[in-house]
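Participant: One structure is given below, represented as structure tokens, and several questions about it will come after.
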Amino acid sequence: NNFINLSFLRLFRAARLIKLLRQGETIRILLWTFVQSFKALPYVCLLIAMLFFIYAIIGMQV
């Protein structure tokens, strides 16, 4: 019974988000930009990993 109530509330929240996206052009642009930025995320993670690796090598030498 409690699970059904939670599912209904989540569905209501999702519907409210869809309604907001239909009305607000600015929110839609912001969300689209956020989704598009995920394409660059692996490269950023790789760069951070490389920096940590270089820092670790320098730290071992000092």
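According to full-length UniProt numbering, the residues represented by the sequence shown are 1 to 62, in order. Cβ atoms here follow ideal geometry from the backbone N, Cα and C, with glycine treated the same way.
In chain order, which beta strand (DSSP E) runs of at least 3 residues are fully inside the stretch 6-61?
Facilitator: none
Participant: I'd like the list of long-range same chain contacts for residue 37, defined as Cβ closer than 7 Å, with 5 residues on each side in sequence excluded.
Facilitator: Locating residue 37 in the sequence shown gives position 37, counting from the first residue. Nothing listed; no residue qualifies.
Participant: For residue 28, which residues from the same chain have a beta carbon less than 6 Å from its beta carbon, with the 5 sequence-adjacent residues on both sides left out?
Facilitator: Taking the sequence shown and counting its residues from 1, one reaches residue 28 at position 28. Hits under 6 Å: 21.
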